[in-house]
Amino acid sequence: MARPMKIRASLKSGYTDIRVLMAHPMETGQRKVKGKLVPAHFIENVTVKVNGKTVIEGQTSQAISRNPVFSFRVKGGTKGDKVEIGWVDNKGESNSIEAAVA
Amino acid sequence: MDEGRRVVLRSAGATGALAAALAAGLLRPERVLAANWDMSAFRQKTAADALKSIGAQDAAMSKDVILDVPEIAENGAVVPVEITSHIPGTTSIAVVIDKNPFPLTSKFNFMNGALPYVKVNVKMGESSYIRVIAEAGGKHYVAMREVKVTIGGCGG
Numbered sequence: 011m012a013r014p015m016k017i018r019a020s021l022k023s024g025y026t027d028i029r030v031l032m033a034h035p036m037e038t039g040q041r042k043v044k045g046k047l048v049p050a051h052f053i054e055n056v057t058v059k060v061n062g063k064t065v066i067e068g069q070t071s072q073a074i075s076r077n078p079v080f081s082f083r084v085k086g087g088t089k090g091d092k093v094e095i096g097w098v099d100n101k102g103e104s105n106s107i108e109a110a111v112a
Numbered sequence: 413m414d415e416g417r418r419v420v421l422r423s424a425g426a427t428g429a430l431a432a433a434l435a436a437g438l439l440r441p442e443r444v445l446a447a448n449w450d451m452s453a454f455r456q457k458t459a460a461d462a463l464k465s466i467g468a469q470d471a472a473m474s475k476d477v478i479l480d481v482p483e484i485a486e487n488g489a490v491v492p493v494e495i496t497s498h499i500p501g502t503t504s505i506a507v508v509i510d511k512n513p514f515p516l517t518s519k520f521n522f523m524n525g526a527l528p529y530v531k532v533n534v535k536m537g538e539s540s541y542i543r544v545i546a547e548a549g550g551k552h553y554v555a556m557r558e559v560k561v562t563i564g565g566c567g568g
């Protein structure tokens, strides 16, 4: 099941601003529907790469809001740099997205 | 492969949280091997234990760690947290919410030119202190702010 993502990378003065949105339920494992616990289902790892080089490795818990939005900053950068962001969740699902710095 | 399984079994015996998680069937053993996820830290149930598990129990308060959070969060399910570290050589930032069932919410490692900055939305079960811990040169620095929550974001 595809979980869509959105990404925007823009050049600011001295740094590249990276914003990403991930469609994901981020179930805590504590919520109940009709008295039954909904199993935990959340993103555990987020990786940001610029031109193939890893710049940020994030670990996340179920306490990140549903449909997570992250902002990151990377020093310098030029237009056209390739930014790639990927995630993996606790069920082994994953997705990634790429964009050029604008 | 066998070697790896022994290691997992040993560590499962050593850390109660992991053992409990395995026993509860929350995790399949192969995933523990595969995941690059600090299970023992994320499973801690108090802020003090969470800080200890990331080595930050002796973190010093610092004005160079900037934590931007709303004073009052109307909706605990989405509380924006913006963190900037002005400490040179910051390599990681972690976010801990004292009163959440599992206080450690996230940890970000920075390398290869990433600036020690992150903005993320977190869930808060109730009004609580939020602490952010920046790591630089093996030392930990902390900033904290209280956020009042009018509607909890955990459970339903």
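Residue numbers (our numbering), protein chains in the order written: chain A, 11 to 112; chain B, 413 to 568. For every residue, glycine included, the Cβ atom is placed at its ideal position computed from N, Cα and C.
Per the coordinates, the alpha-carbon of Ala506/B lies some 30 Å from the alpha-carbon of Lys89/A.
According to the DSSP assignment, Asp461/B belongs to the alpha helix (DSSP H) that extends over 459-465. Excluding its 5 nearest sequence neighbours in each direction, Ala548/B has C-beta neighbours in its own chain below 6 Å: Ile499, Gly501, Thr502, listed in chain order. Shortest Cα-Cα distance from Asn55/A to any of Gly39/A, Thr70/A, Lys46/A involves Thr70/A. At a cut-off of 7 Å between beta carbons, Gly549/B makes no contact with chain A.
Collapsing the DSSP output to three states places Ser71/A in coil. Setting aside the 5 residues that flank it on each side, Lys511/B is surrounded in the same chain by Glu538, Ser540, each with a C-beta closer than 6 Å to its C-beta; the list follows chain order.
Counting only the Cα atoms, Ser75/A lies some 21 Å from Pro528/B. For a cut-off of 8 Å, the C-beta gap from Ala546/B to Val490/B is around 24 Å, too long to register as a contact.
Around the beta carbon of Lys535/B, a 10 Å sphere encloses 16 or more other beta carbons of the protein chains shown; the residue is thus reported as buried. Note: Pro492/B is bridge-paired with Asn533/B in the DSSP secondary-structure output. Per the Cβ contact rule, the region 479-496 of chain B is not in contact with the region 41-52 of chain A (fewer than 3 Cβ pairs under 8 Å). Nearest to Asp470/B by C-alpha distance, out of Val554/B, Ile563/B, Glu558/B, Pro515/B, is Val554/B. For Ala109/A, not one C-beta of chain B is nearer than 7 Å to its own C-beta. Here Ile53/A has His34, Thr70, Trp97, Asp99 as same chain residues with Cβ atoms under 6 Å from its own Cβ, once five neighbours each way along the sequence are excluded. The Cβ of Lys560/B sits no closer than 7 Å to any Cβ of chain A. Assignment of Met451/B by DSSP, reduced to helix, strand and coil, places it in the helix class.
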